[in-house]
Amino acid sequence: MLRFLLGLVFLAILLPARPAFAGHHPREQPLSEYPLVEKVWGQSDAPVTMIEYSSLTCPHCMAFHRDTLPKIKEAYIDTGKVKLIFRDFPLGSPALAAAMLARCAPPERYFGMIEALFRSQEIWSSMNNPLKYLERIARLGGMSKNDVEACMSNEALMKAIQAKAAAGEKEHGIRATPTFVIEGEKVSGNLPFEDFRVILDKAVAKKQ
């Protein structure tokens, strides 16, 4: 059953994305009534906004979360200078399935799921059928087997994630991951922390 549901997800990602919206329980309302809730790391009133477009199967995205983000978090997010908005830009079907599972997890566990998916990326992203391993991560994130099945069959959520990614491509010219938009300035790739420091310091200074 799970393999069949994942197959539906894999098939659907091949279709052109069209505007669609989803929330945490998308089956309760029409697609048009479901904006995806922004996932924000940091204080909502932080003066500088950093948007990350990321694919959960992207090795450079994983490296950013492993090596660079902790330093940005310590220097800028935890100090209230910067808030990071995480937006999915799934490159392929496994990335879409993983993004859906993270969205279906309890909201307070969302970023924990994202980090767990990145940490185990080398394992599940290369599997022929990654859903079994993804289900294991989902269980650790507080989801039951039924929750996983419901999530994978949630067409509204799937299309909402696709539509959000398409909007990023149109609005910011996103073509690859990771790509960041820092106060309107597009920054491509997992740059060294010192490069991000220069950009973020400049953005923070403009807000003072």
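According to the numbering used here, numbering within the sequence shown proceeds without interruption in unit steps and concludes at 209.
Idealized CB from N, CA, C, for every residue including glycine.
Practice task
Please report the residue range of the alpha helix (DSSP H) in which E156 lies.
Solution key: E156 to H173
Practice task
Quick one: which unbroken alpha helix (DSSP H) runs of 4-plus residues sit fully inside the segment 38-69? Chain order, please.
Solution key: 60-64
Practice task
Please list, in chain order, all residues of the same chain as T69 whose beta carbon is under 7 angstroms from its beta carbon, the five residues on each side excluded.
Solution key: N191, F194 and F197
Practice task
Pick out the complete beta strand (DSSP E) segments inside the segment 69-128, 3 residues or longer, and give them in chain order.
Solution key: 83-89
Practice task
Rounded to whole angstroms, what's the CA-CA distance from S55 to Y111? Just pull it up for me.
Solution key: 15 angstroms
Exercise for the section: Apply the 10 Å Cβ neighbour rule to L141 and answer buried if 16 or more other Cβ atoms are within range, or exposed otherwise. Expected result: exposed
Handout entry: Distance between F87 and A117 (C-alpha atoms, nearest Å)
Key = 15 angstroms
Exercise for the section: Mind checking who I183 pairs with in its DSSP beta bridge? Expected result: M51 and E186
Exercise for the section: Can you give me the Cβ contacts of H26 inside the same chain, cut-off strictly under 7 angstroms, excluding the 5 residues immediately before and after it? Expected result: Note on H26: pLDDT 33, under 50, position unreliable in the model; no value is reported.
Problem - Integer Cβ distance of I162 from P91, believed to fall under 8 angstroms - result: 7 angstroms
Exercise for the section: Apply the 10 Å Cβ neighbour rule to Q209 and answer buried if 16 or more other Cβ atoms are within range, or exposed otherwise. Expected result: exposed
Exercise for the section: Under 7 angstroms Cβ to Cβ from T58, same chain only, skipping five residues before and after it: list those, please. Expected result: L92, G93, P95, A96, Q122 and S126
Exercise for the section: Mark M128 as exposed unless 16 or more other C-beta atoms lie within 10 angstroms of its C-beta, in which case mark it buried. Expected result: exposed
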